[in-house]
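Residue numbers (the UniProt record's numbering): 1 to 360. By construction, the Cβ of each residue, glycine as well, lies at the ideal position given by its N, Cα and C atoms. Computed from a predicted structure; not experimentally measured.
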Amino acid sequence: MFVDSVEIIIASGKGGSGMVSFRREKFVIKGGPDGGDGGDGGDVYFEVDNNTDTLANFRGTKHHKAKNGAPGGTRNCAGKKGEDKIIVVPPGTQVFVGDELWLDLTTPKERVLALKGGKGGLGNAHFKSATKQQPTYAQKGLEGVEKCVRLELKLIADIGLVGFPNAGKSTLISTISNAKPKIANYEFTTLVPNLGVVSVDGKSGFLMADIPGIIEGASQGKGLGISFLKHIERTKVLAFVLDASRLDLGIKEQYQRLRLELEKFSPALANKPFGVLLNKCDVVENIDEMAKDFCAFLNLEAQKLNAFDLEPYLGFLHPHLTSDFENDPNEQSALFVLPLSAVSALNTHVLKFVLLKALP
Numbered sequence: 001m002f003v004d005s006v007e008i009i010i011a012s013g014k015g016g017s018g019m020v021s022f023r024r025e026k027f028v029i030k031g032g033p034d035g036g037d038g039g040d041g042g043d044v045y046f047e048v049d050n051n052t053d054t055l056a057n058f059r060g061t062k063h064h065k066a067k068n069g070a071p072g073g074t075r076n077c078a079g080k081k082g083e084d085k086i087i088v089v090p091p092g093t094q095v096f097v098g099d100e101l102w103l104d105l106t107t108p109k110e111r112v113l114a115l116k117g118g119k120g121g122l123g124n125a126h127f128k129s130a131t132k133q134q135p136t137y138a139q140k141g142l143e144g145v146e147k148c149v150r151l152e153l154k155l156i157a158d159i160g161l162v163g164f165p166n167a168g169k170s171t172l173i174s175t176i177s178n179a180k181p182k183i184a185n186y187e188f189t190t191l192v193p194n195l196g197v198v199s200v201d202g203k204s205g206f207l208m209a210d211i212p213g214i215i216e217g218a219s220q221g222k223g224l225g226i227s228f229l230k231h232i233e234r235t236k237v238l239a240f241v242l243d244a245s246r247l248d249l250g251i252k253e254q255y256q257r258l259r260l261e262l263e264k265f266s267p268a269l270a271n272k273p274f275g276v277l278l279n280k281c282d283v284v285e286n287i288d289e290m291a292k293d294f295c296a297f298l299n300l301e302a303q304k305l306n307a308f309d310l311e312p313y314l315g316f317l318h319p320h321l322t323s324d325f326e327n328d329p330n331e332q333s334a335l336f337v338l339p340l341s342a343v344s345a346l347n348t349h350v351l352k353f354v355l356l357k358a359l360p
């Protein structure tokens, strides 16, 4: 089950109390104080685990508390420190206290201290003085800290797929990556985001995210898109997946409406570097002319791909690349327009190279 938001209560451990005791030895009538200090309470840490991509493990487990410190012992023995609580979260987890962002956890294997455990109390040995040789009191341990926090997950990926329902995004990510999403010929087959690793010739690779299809009004809460648009906010490059075979809505209109929803949701998201994928091209007769016309619509000076040593992989269709394909972060024009077919795997191998080159 994919879960990307959950509220939990975290608490550090209470410090152990100091000990009141006195030396008891043979021939020593009144030994001095030897009460040990209490152990500190356990701390609470958040640790990023790259092997998980959901917050589902937190369902049904609301309280996460570190252990209390042990009380001090006799003979100046200090109590044991309470066991720390390590809360494992996926990369991209944000921790909120109320509406304020407290922690942003993005680096794999990163461990961040969230709450410090309570300090252990001092034993009575600390309170011996010239005027008080037999102190009969010790400090209590300090209480731990408790907080109610909200965990929000924003998936971290290099490439984010954006498109209307049934545009073929799930088929595409299943074709070129290790992701295995549910695929069917009806809208909203994808109900949760999918994350896949794309390997390019077994050497380089990148992460790709597919979110549920966006519909008009998604930025105002319609459909499923608004709940998951946040998962492509961290991506480096967006890939608009357009259905070239759709008769009721042309590729220009699809592109314009998708961009409008992104702009309404987040101007920063809409300004990310992007490319365009014309999917289902194997059932469109005039796909090459359609691609050239779309490039003209975007005011692109399209050129056939003749670099990067990709000629052996090309089918009868070629990607159209902007002349400044080497990514300029200040350039808001499309990086590429690529006709492909996710179902028949046409141009999908080329797509891997194109996306890899598009990354900053």
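Residue nearest to residue 209 within the set 160, 238, 170 is 160 (criterion: CA-CA distance). Put simply, of 54, 150, 45, 152 the residue whose alpha carbon is nearest the alpha carbon of residue 112 is 45. For the 7 Å CB-CB criterion, residue 37 and residue 118 do not form a contact.
Within a 10 Å sphere around the beta-carbon of residue 98 sit fewer than 16 other beta-carbons, which makes this residue exposed. By the neighbour-count definition (other C-beta atoms within 10 Å, threshold 16), residue 81 is a buried residue. Counting only residues of its own chain and dropping the five nearest sequence neighbours on each side, residue 74 has a CB closer than 8 Å to the CB of 19, 21, 34, 35, 36. Leaving aside the five residues that flank residue 263 on each side, the residues in its chain whose CB is nearer than 7 Å to its CB run, in chain order, 270. Short of 6 Å from the beta carbon of residue 88, and not among the five residues preceding or following it, lie these beta carbons of its own chain, in chain order: 47, 49. Look at the beta carbons and you see the stretch 169–177 not touching the stretch 140–154: under three pairs across the two are nearer than 8 Å. In its chain, beyond the 5 residues on either side, 294, 297 have a beta carbon closer than 8 Å to the beta carbon of residue 252. As DSSP reads the structure, residue 45 sits in a beta bridge with 86, 113. Among the bridge pairs identified by DSSP, residue 5 is matched with 152. One Cα belongs to residue 110, the other to residue 32, and the distance between them is close to 47 Å.
A Cβ-Cβ distance of about 5 Å is found for the pair residue 214 and residue 261, placing them in contact under the 8 Å criterion. Apart from the 5 residues on each side of it in sequence, residue 342 sits with its Cβ closer than 7 Å to the Cβ of 168, 171, 172, 175, 279, 348 in its chain, given in chain order. Counting C-beta pairs closer than 8 Å gives fewer than three between the stretch 99–106 and the stretch 62–71, which falls short of the contact rule.
Straight across, the Cα-Cα distance linking residue 196 with residue 145 is about 39 Å. Per the C-alpha coordinates, the member of 274, 92, 147, 28 positioned closest to residue 114 is 147.
Per DSSP, the continuous alpha helix (DSSP H) segment holding residue 296 begins and ends at 287–297. Residue environment for residue 267: exposed (fewer than 16 other C-beta atoms within 10 angstroms of its C-beta). At a Cβ-Cβ threshold of 7 Å, residue 141 and residue 15 count as neighbours. DSSP places residue 159 in the uninterrupted beta strand (DSSP E) bounded by 159–162. 7 Å or more divides the Cβ of residue 336 from the Cβ of residue 350. Here residue 83 has 42, 66, 67 as same chain residues with Cβ atoms under 7 Å from its own Cβ, once five neighbours each way along the sequence are excluded. Taking a 10 Å sphere around the C-beta of residue 54, we find 16 or more other C-beta atoms and assign the residue as buried.
DSSP places residue 108 outside both helix and strand once states are collapsed to three, so it counts as coil. No Cβ-Cβ contact shorter than 7 Å links residue 206 with residue 150. According to the DSSP assignment, residue 198 belongs to the beta strand (DSSP E) that extends over 194–200. Distance from the CA atom of residue 137 to the CA atom of residue 129, rounded to whole angstroms, is 13 Å.
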